[in-house]
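A.B. asks: Position one of the sequence shown corresponds to residue 400 (this note's numbering), numbered consecutively onward.
Just so you know, even glycine gets a beta-carbon here, dropped at the ideal spot from N, CA and C.
These figures come from a predicted structure and were not determined experimentally.
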Amino acid sequence: MPAAWRITTTPDRDRAFSGDGARIRGGRWNSKGTRIVYAADYPAAAILEQLVQVSSVANLPVYNLFRVTLPDTMVSVVDSRTLPGTWRDPKRDPAVQAIGDAWVAKRTSLALQVPSAIAPHHVNYLLNPAHPDFARLTIAAPERFALDPRLSPLRTR
Numbered sequence: 400m401p402a403a404w405r406i407t408t409t410p411d412r413d414r415a416f417s418g419d420g421a422r423i424r425g426g427r428w429n430s431k432g433t434r435i436v437y438a439a440d441y442p443a444a445a446i447l448e449q450l451v452q453v454s455s456v457a458n459l460p461v462y463n464l465f466r467v468t469l470p471d472t473m474v475s476v477v478d479s480r481t482l483p484g485t486w487r488d489p490k491r492d493p494a495v496q497a498i499g500d501a502w503v504a505k506r507t508s509l510a511l512q513v514p515s516a517i518a519p520h521h522v523n524y525l526l527n528p529a530h531p532d533f534a535r536l537t538i539a540a541p542e543r544f545a546l547d548p549r550l551s552p553l554r555t556r
């Protein structure tokens with residue numbers, strides 16, 4: 400069973416896995432209005448995914464890192480070779496968002512493995528909170544996690 404990692408500012412499991420943040424703001428793999436929970440294949444990849452979303456790492460809150468165990472039989476995979484050539488661009492591609500939106504609506508699997516746009520050798524996992532088996536996810540208690548302050552120069556150059 401693959402593990403996925405989610406980093407959030409809240410230690411509350413229900414809030415961290417509600418999909419409301421993605422529903423409100425939209426994301427690479429979903430348009431506004433579609434609930435998706437984003438996770439990564441390793442803690443470091445989850446941290447990178449978080450860092451690209453913030454304008455400054457100075458005075459960031461303490462984060463919470465959740466480990467999620469995914470049942471093998473409930474993970475579908477997106478092949479990066481089938482994606483539009485612009486899928487990794489910082490500007491969100493509506494064609495890529497449509498892939499995630501359709502997957503959520505069809506409820507064909509609990510998780511969708513997608514390539515990471517910022518770390519090409521990693522994958523992200525999209526979790527569908529509307530899937531009937533969502534409650535079957537094994538989610539460990541969160542670990543408190545503070546970003547290393549030495550990362551600050553990355554965002555101020």
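Hey, V461 and A545 are a contact pair by Cβ (cut 8 Å); roughly how many whole angstroms apart?
C.D. replies: As a first step, residue 461 is located in the sequence shown; it is residue number 62 there, counting from the start. As a first step, residue 545 is located in the sequence shown; it is residue number 146 there, counting from the start. Indeed, because the Cβ distance is near 5 Å, the residues count as touching under 8 Å.
A.B. asks: Would you check if the distance between the CB atom of V453 and the CB atom of L459 is smaller than 8 Å?
C.D. replies: Within the sequence shown, numbered from 1, the residue matching residue 453 stands at position 54. Within the sequence shown, numbered from 1, the residue matching residue 459 stands at position 60. The answer is yes: Cβ separation under 8 Å.
A.B. asks: Along the chain, where does the alpha helix (DSSP H) that runs through A501 open and close?
C.D. replies: Along the sequence shown, read from residue 1 onward, the residue named residue 501 stands at position 102. Residues P493 to K505.
A.B. asks: If you run the structure through DSSP and keep just helix, strand and coil, what is R556?
C.D. replies: Taking the sequence shown and counting its residues from 1, the one referred to as residue 556 is at position 157. Unreliable placement is indicated for R556, whose pLDDT of 46 sits below 50; the coordinate value is still reported in the next sentence. R556: coil per DSSP, three-state reduction.
A.B. asks: Tell whether a beta-carbon distance below 8 Å holds between V474 and A504.
C.D. replies: Here residue 474 corresponds to residue number 75 of the sequence shown, with the count starting at 1. Here residue 504 corresponds to residue number 105 of the sequence shown, with the count starting at 1. No. Outside cutoff.
A.B. asks: I need the straight-line Cα distance from S508 to A443, nearest angstrom please.
C.D. replies: Locating residue 508 in the sequence shown gives position 109, where the first residue counts as 1. Locating residue 443 in the sequence shown gives position 44, where the first residue counts as 1. Taking the straight line from one Cα to the other gives about 25 Å.
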